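Per the working numbering, the sequence shown starts with residue -12, numbered consecutively.
Where is the CB? At the ideal position from N, CA and C, for every residue including glycine.
Owing to the predicted nature of the structure, the values given are computational and were not obtained by experimental measurement.
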Amino acid sequence: MNLYNMKKLLFILTIGILSAFTVISVPSIHQFKVKSIDGGTIDFSKFKGKKILVVNVASQCGYTRQYAGLEKLYEAHKDKLVIVGFPANNFGSQEPGTDTEIVQFCKARFGVTFPMASKVSVKGDDTAPIYQWLTAKEKNGVLNATIGWNFNKFLLDENGQLLAYFPSKTEPDSDEILKYLK
(Lines of atoms letter the chains of each structure in order from A and count residues from 1; the text may use other names and numbers.)
(Lines give C-alpha, C1' and ligand atoms only; values in the text may rest on other atoms or scores of the structure.)
Protein backbone atom coordinates (compact mmCIF):
# COMPACT_ATOMS: atom_id res chain seq x y z
CA MET A 1 0.00 0.00 0.00
CA ASN A 2 1.46 3.35 -0.97
CA LEU A 3 1.68 6.38 1.33
CA TYR A 4 -1.28 8.14 -0.34
CA ASN A 5 -3.61 5.17 0.22
CA MET A 6 -2.42 4.79 3.81
CA LYS A 7 -3.18 8.46 4.53
CA LYS A 8 -6.59 8.09 2.90
CA LEU A 9 -7.36 4.99 4.98
CA LEU A 10 -6.16 6.69 8.16
CA PHE A 11 -8.38 9.70 7.41
CA ILE A 12 -11.44 7.49 6.84
CA LEU A 13 -10.79 5.55 10.04
CA THR A 14 -10.36 8.78 12.03
CA ILE A 15 -13.65 10.18 10.74
CA GLY A 16 -15.41 6.89 11.54
CA ILE A 17 -14.06 6.81 15.07
CA LEU A 18 -14.91 10.46 15.73
CA SER A 19 -18.43 10.09 14.37
CA ALA A 20 -19.00 7.10 16.63
CA PHE A 21 -18.41 9.37 19.65
CA THR A 22 -20.26 12.41 18.35
CA VAL A 23 -23.66 12.96 19.96
CA ILE A 24 -26.11 14.57 17.61
CA SER A 25 -28.47 16.97 19.33
CA VAL A 26 -31.99 16.42 18.08
CA PRO A 27 -34.41 19.32 18.60
CA SER A 28 -37.12 18.48 21.11
CA ILE A 29 -40.11 20.28 22.59
CA HIS A 30 -39.27 18.50 25.84
CA GLN A 31 -36.84 21.34 26.65
CA PHE A 32 -39.72 23.75 27.30
CA LYS A 33 -41.59 24.68 30.45
CA VAL A 34 -44.42 27.20 30.15
CA LYS A 35 -46.80 28.85 32.58
CA SER A 36 -50.12 27.04 32.73
CA ILE A 37 -53.42 28.89 32.61
CA ASP A 38 -54.01 28.08 36.30
CA GLY A 39 -50.66 29.58 37.37
CA GLY A 40 -48.71 26.33 37.55
CA THR A 41 -46.16 25.02 35.08
CA ILE A 42 -46.51 22.79 32.02
CA ASP A 43 -43.27 20.83 31.75
CA PHE A 44 -43.10 19.29 28.29
CA SER A 45 -40.46 16.77 29.43
CA LYS A 46 -43.26 15.06 31.39
CA PHE A 47 -44.91 14.17 28.08
CA LYS A 48 -42.03 11.95 26.90
CA GLY A 49 -43.49 8.79 25.40
CA LYS A 50 -46.66 10.50 24.16
CA LYS A 51 -47.45 12.46 21.04
CA ILE A 52 -48.20 16.15 21.66
CA LEU A 53 -50.60 18.36 19.73
CA VAL A 54 -49.94 22.07 20.33
CA VAL A 55 -52.74 24.43 19.29
CA ASN A 56 -53.06 28.22 19.42
CA VAL A 57 -56.63 28.81 20.56
CA ALA A 58 -59.09 31.71 20.89
CA SER A 59 -62.53 32.02 22.46
CA GLN A 60 -64.16 34.36 19.94
CA CYS A 61 -63.10 32.83 16.64
CA GLY A 62 -65.03 31.03 13.94
CA TYR A 63 -62.84 28.01 14.72
CA THR A 64 -63.60 28.12 18.47
CA ARG A 65 -65.96 25.18 17.95
CA GLN A 66 -62.78 23.08 17.44
CA TYR A 67 -62.40 23.05 21.23
CA ALA A 68 -65.08 20.33 21.23
CA GLY A 69 -63.16 18.27 18.68
CA LEU A 70 -59.89 18.77 20.53
CA GLU A 71 -61.45 17.60 23.80
CA LYS A 72 -63.00 14.58 22.07
CA LEU A 73 -59.62 13.71 20.48
CA TYR A 74 -57.88 14.11 23.84
CA GLU A 75 -60.39 11.90 25.65
CA ALA A 76 -60.17 9.20 22.97
CA HIS A 77 -56.37 9.10 22.81
CA LYS A 78 -55.04 10.48 26.11
CA ASP A 79 -53.14 7.25 26.73
CA LYS A 80 -50.84 8.23 23.83
CA LEU A 81 -51.61 11.91 23.10
CA VAL A 82 -51.46 15.16 25.06
CA ILE A 83 -53.10 18.29 23.68
CA VAL A 84 -51.81 21.64 24.93
CA GLY A 85 -53.83 24.76 24.13
CA PHE A 86 -52.12 28.13 23.94
CA PRO A 87 -54.60 31.02 24.11
CA ALA A 88 -53.39 33.89 21.92
CA ASN A 89 -54.87 37.27 21.05
CA ASN A 90 -52.87 37.80 17.84
CA PHE A 91 -55.72 37.56 15.33
CA GLY A 92 -58.62 39.99 15.34
CA SER A 93 -58.44 40.38 19.14
CA GLN A 94 -60.37 37.10 19.39
CA GLU A 95 -58.91 36.13 22.76
CA PRO A 96 -59.31 39.30 24.86
CA GLY A 97 -60.00 37.59 28.19
CA THR A 98 -57.80 36.96 31.19
CA ASP A 99 -56.50 33.48 31.95
CA THR A 100 -59.29 33.06 34.52
CA GLU A 101 -61.98 34.08 32.00
CA ILE A 102 -60.51 31.82 29.31
CA VAL A 103 -60.40 28.73 31.52
CA GLN A 104 -63.96 29.37 32.77
CA PHE A 105 -65.18 29.70 29.16
CA CYS A 106 -63.38 26.55 28.01
CA LYS A 107 -64.65 24.40 30.87
CA ALA A 108 -68.23 25.71 30.83
CA ARG A 109 -68.73 25.74 27.07
CA PHE A 110 -66.62 22.77 25.92
CA GLY A 111 -65.67 20.80 29.04
CA VAL A 112 -61.97 21.20 28.24
CA THR A 113 -59.74 18.99 30.40
CA PHE A 114 -56.52 19.01 28.34
CA PRO A 115 -53.67 21.23 29.55
CA MET A 116 -53.90 24.92 28.73
CA ALA A 117 -51.04 27.38 28.86
CA SER A 118 -51.27 30.96 30.01
CA LYS A 119 -52.06 33.39 27.19
CA VAL A 120 -49.09 33.99 24.87
CA SER A 121 -48.21 35.66 21.60
CA VAL A 122 -47.70 33.30 18.65
CA LYS A 123 -46.35 35.83 16.15
CA GLY A 124 -44.55 39.15 16.02
CA ASP A 125 -41.74 40.61 18.13
CA ASP A 126 -43.14 39.13 21.34
CA THR A 127 -43.59 35.56 20.10
CA ALA A 128 -43.33 33.04 22.93
CA PRO A 129 -40.09 31.00 22.81
CA ILE A 130 -41.99 27.73 22.29
CA TYR A 131 -43.68 29.20 19.21
CA GLN A 132 -40.36 30.55 17.95
CA TRP A 133 -39.14 26.96 18.14
CA LEU A 134 -42.27 25.45 16.55
CA THR A 135 -42.25 27.80 13.56
CA ALA A 136 -38.52 27.94 12.65
CA LYS A 137 -36.78 25.04 10.89
CA GLU A 138 -33.43 26.35 12.12
CA LYS A 139 -34.67 25.64 15.68
CA ASN A 140 -36.99 22.61 15.31
CA GLY A 141 -34.97 20.89 12.57
CA VAL A 142 -38.04 19.99 10.50
CA LEU A 143 -40.02 22.85 8.98
CA ASN A 144 -40.87 26.52 8.86
CA ALA A 145 -44.48 27.45 9.57
CA THR A 146 -46.33 30.73 9.46
CA ILE A 147 -49.22 30.99 11.86
CA GLY A 148 -51.88 32.84 9.94
CA TRP A 149 -54.82 32.49 12.31
CA ASN A 150 -56.14 30.75 15.42
CA PHE A 151 -56.26 26.95 15.80
CA ASN A 152 -53.04 26.09 13.95
CA LYS A 153 -51.81 22.70 15.10
CA PHE A 154 -48.33 21.23 15.56
CA LEU A 155 -47.99 17.49 16.11
CA LEU A 156 -44.90 16.14 17.84
CA ASP A 157 -43.80 12.54 18.25
CA GLU A 158 -43.10 10.62 21.45
CA ASN A 159 -39.53 11.99 21.51
CA GLY A 160 -40.71 15.60 21.24
CA GLN A 161 -39.71 16.01 17.61
CA LEU A 162 -41.96 17.87 15.20
CA LEU A 163 -43.95 15.56 12.91
CA ALA A 164 -46.41 17.82 11.15
CA TYR A 165 -48.10 21.21 10.98
CA PHE A 166 -51.81 21.69 10.25
CA PRO A 167 -53.56 24.98 9.44
CA SER A 168 -56.74 26.23 11.15
CA LYS A 169 -59.11 24.51 8.74
CA THR A 170 -57.77 21.05 9.65
CA GLU A 171 -60.30 19.61 12.08
CA PRO A 172 -59.01 17.73 15.15
CA ASP A 173 -60.72 14.52 13.97
CA SER A 174 -59.40 14.77 10.40
CA ASP A 175 -57.68 11.86 8.72
CA GLU A 176 -54.58 14.05 8.36
CA ILE A 177 -54.20 14.04 12.16
CA LEU A 178 -55.72 10.65 13.01
CA LYS A 179 -53.30 8.77 10.73
CA TYR A 180 -50.52 9.64 13.18
CA LEU A 181 -52.43 8.14 16.12
CA LYS A 182 -52.96 4.64 14.75
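task: Ignore the nearest five residues each way along the sequence and tell me which others in A151's own chain have a CB closer than 6 angstroms to its CB.
output: In the sequence shown, the residue the question calls residue 151 occupies position 164. If we look at A151 and ignore the five residues flanking it on each side, its Cβ neighbours are L142.
- request: Report all residues from its chain with a CB closer than 7 angstroms to the CB of D144; omit the five preceding and five following residues, and keep chain order.
  value: Within the sequence shown, residue 144 is the residue found at index 157, counting from 1. Counting only Cβ-Cβ distances below 7 angstroms, and skipping sequence neighbours, we find K38, L150.
field: G72 - partner residues in DSSP beta bridges
entry: Sequence index remark: in the sequence shown, residue 72 carries index 85 (1-based). As computed with DSSP, G72 is found in a beta bridge with V42, M103.
task: Give a yes or no on whether the C-beta atoms belonging to V171 and A95 are separated by under 8 angstroms.
output: Only positions -12 to 169 of the chain appear in the structure, and residue 171 is not among them; the question remains open.
message: The alpha helix (DSSP H) that contains A63, what's its start and end?
response: Taking the sequence shown and counting its residues from 1, one reaches residue 63 at position 76. Element bounds for A63: 53 to 64.
field: Short Cβ contact (8 angstroms threshold) for I134 with K169
entry: Position 147 of the sequence shown holds residue 134. Position 182 of the sequence shown holds residue 169. For I134 and K169, no; Cβs fall outside 8 angstroms.
message: Which runs of the beta strand (DSSP E) at least 3 residues long sit entirely within the segment 94 to 150? Give them in chain order.
response: Taken in chain order, the complete beta strand (DSSP E) segments of 3 residues or longer contained in the segment 94 to 150 are 140 to 143.
- request: Indicate whether F31 and K22 have their beta-carbon atoms separated by less than 8 angstroms.
  value: Working through the sequence shown from its first residue, we reach residue 31 at position 44. Working through the sequence shown from its first residue, we reach residue 22 at position 35. No. Outside cutoff.
query: Given Q53, which residues of its chain have a CB within under 7 angstroms of its CB, disregarding the five upstream and five downstream residues?
result: Reading the sequence shown from its first residue, position 66 is the one you call residue 53. Non-local C-beta neighbours of Q53 in its own chain, meaning closer than 7 angstroms and more than five positions away in sequence, comprise F138, E158, P159, ordered along the chain.
query: Which residues mark the beginning and the end of the alpha helix (DSSP H) in which I164 is found?
result: What you label residue 164 is simply residue 177 of the sequence shown in a count that begins at 1. Its alpha helix (DSSP H) spans residues 162 to 165.
query: From V69 to Y167, what does the alpha carbon distance come to, in whole angstroms?
result: One-based indexing of the sequence shown puts residue 69 at position 82. One-based indexing of the sequence shown puts residue 167 at position 180. Distance between the alpha carbons of V69 and Y167 is about 13 angstroms.
task: Could you check what DSSP says for K35 in three-state terms: helix, strand or coil?
output: Here residue 35 corresponds to residue number 48 of the sequence shown, with the count starting at 1. Coil at K35, not helix or strand.
Contacts around S105, its chain only, beta-carbon distance under 6 angstroms, and the 5 residues preceding and following it disregarded: Here residue 105 is taken as the residue at index 118 of the sequence shown, counted from 1. So the list reads K22, I24, D86, once near-sequence residues are dropped.
Residue from D112, I89, W136 whose Cα sits closest to the Cα of P102: Position 115 of the sequence shown holds residue 102. When only C-alpha atoms are compared, the closest one is I89.
- prompt: Where do the ends of the beta strand (DSSP E) carrying I29 lie?
  reply: Position 42 of the sequence shown, counted from the first residue, corresponds to residue 29. Going by DSSP, I29 is part of the beta strand (DSSP E) stretching over 28 to 30.
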